[in-house]
Amino acid sequence: MTNSSSAPPAAPAIQEPQPRHRPAEDPAFVQALFCRVAARYDLVNTILSGGLDWFWRRRAAAHIRRWAPARLLDLATGSGVLLATCQRASPETWAVGADFCPPMLAQARAKRGLPRLVAADGLRLPFADGSFDALTVAFGLRNMASWPGALREMARVLRPGGHLLVLDFSLPSRPWLRALYRVYLHHCLPTIAALVCGERSAYRYLGDSIESFPRGAAMLALLTECGFRAPRAEELSAGIVSLYTAERTVAAAAIPSSRANCNLTTSGA
Ligand SMILES: C[S@@+](CC[C@H](N)C(=O)[O-])C[C@H]1O[C@@H](n2cnc3c(N)ncnc32)[C@H](O)[C@@H]1O
783 MTNSSSAPPA APAIQEPQPR HRPAEDPAFV QALFCRVAAR YDLVNTILSG GLDWFWRRRA
843 AAHIRRWAPA RLLDLATGSG VLLATCQRAS PETWAVGADF CPPMLAQARA KRGLPRLVAA
903 DGLRLPFADG SFDALTVAFG LRNMASWPGA LREMARVLRP GGHLLVLDFS LPSRPWLRAL
963 YRVYLHHCLP TIAALVCGER SAYRYLGDSI ESFPRGAAML ALLTECGFRA PRAEELSAGI
1023 VSLYTAERTV AAAAIPSSRA NCNLTTSGA
């Protein structure tokens, strides 16, 4: 008998589940989805994260407080929950929220009374170069049609040395926890969401988008490529969420822009 015939059959290679598709590449799909879930967005968030979202946003707001920016943009602000948390933690900061989904902005205004909200696409921001000292984007970048395009646009509207904070879902690094989390993400979560807001498909999209989104070293490399320096990653809640920070390089100032100033009192919602 040859070695090959006496050897035990090779164990099947363990395959990482692959995302079925990347629907975030279709902005109309993403926009329609968030407009549909806007009214129940906060409730579903709290239920699905078991209240952990409060802790993640507080963590982000603590960074903003430390940086003490004079002007802050919260991109993909949604119902304005991070913007309101940052504004409470740093009342001296002049902060604006931007999002391309008017019903989300309507929630931000009605529930949180946020005064400066702008309807805008993250890939074409209506702000002049270097307008902000800090920019936050929580659970928003993942949904944008081009991650490098959106990050370069963020670099453009930040001043040189300005701070970027990206908060988004990732996957736990421990294999057993990641496997368990995937069961929750792809099976339990869409079912719970279907019961709470009748939106199973929206929350199936969530799982797929998390699978395809860069995390850890890949995100740090992307930030460096897109005009940021000193990128750092911090895993929260065992890696379910990651918080990335970076500073805009001076070289990123060379990125041309034709965008005009925006009237910041316009909510567009
Ligand atoms: C998951 S919600 C996050 C909302 C909020 N940042 C939070 O932490 O709860 C994602 C938000 O990103 C917005 N969004 C997605 N793509 C966008 C884009 N290209 N430009 C502006 N907003 C976008 C959606 O409209 C939605 O309100």
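For the sequence shown, my numbering gives the first residue as 783, with consecutive numbering after it. Note that the Cβ used here is the ideal one computed from N, Cα and C, for glycine as well. Predicted, not measured: the structure shown is a model, and the values here were computed from it.
I need the boundaries of the beta strand (DSSP E) containing residue i, first residue and last residue.
i: Phe816; result: It is not in any beta strand (DSSP E) - Phe816 instead sits in the alpha helix (DSSP H) that spans 809-819.
My output table needs one value for residue i: the three-state DSSP class, helix, strand or coil.
i: Glu1007; result: helix
i: Val826; result: helix
i: Ala1028; result: strand
i: Arg839; result: helix
i: Arg898; result: coil
i: Leu905; result: coil
i: Ala877; result: strand
i: Ala1015; result: strand
i: Arg853; result: strand
Assuming residue i contacts residue j under a Cβ cut-off of 8 Å, what Cβ separation, rounded to an integer in Å, is found between them?
i: Arg1030; j: Pro942; result: 6 Å
i: Leu1005; j: Pro1013; result: 4 Å
i: Phe916; j: Gly944; result: According to the sequence as given, residue 916 is Ala; it is not Phe. Ala916 to Gly944, Cβ: 6 Å. Contact.
i: Ala927; j: Leu905; result: 7 Å
i: Phe921; j: Ala902; result: That belief does not hold up - the Cβ atoms of Phe921 and Ala902 are roughly 17 Å apart, past 8 Å.
i: Ala892; j: Leu899; result: Wrong, their Cβ atoms sit about 11 Å apart, outside the cutoff.
i: Ser913; j: Val939; result: 5 Å
i: Ile974; j: Leu830; result: 6 Å
i: Tyr987; j: Met886; result: With a Cβ gap of about 16 Å, Tyr987 and Met886 do not count as contacting.
i: Leu1018; j: Thr918; result: Contact doesn't hold; Cβ gap of about 15 Å is too wide.
i: Arg982; j: Pro996; result: That pair is no contact at about 26 Å.
i: Arg839; j: Thr867; result: 5 Å
i: Leu865; j: Leu896; result: 6 Å
i: Cys828; j: Pro851; result: In the sequence as displayed, the identity of residue 828 is Thr instead of Cys. At roughly 28 Å, the Cβ-Cβ gap does not stay under 8 Å, so Thr828 and Pro851 are not in contact.
First and last residue of the alpha helix (DSSP H) that includes residue i?
i: Ala890; result: 884-894
i: Arg870; result: 863-871
Report task. Jot down the residue ranges of each uninterrupted alpha helix (DSSP H) in the region 910-995, minimum 4 residues, whole runs only, in chain order. Result -> Counting only runs of 4 or more, we get 929-939, 957-965, 971-979, 982-994.
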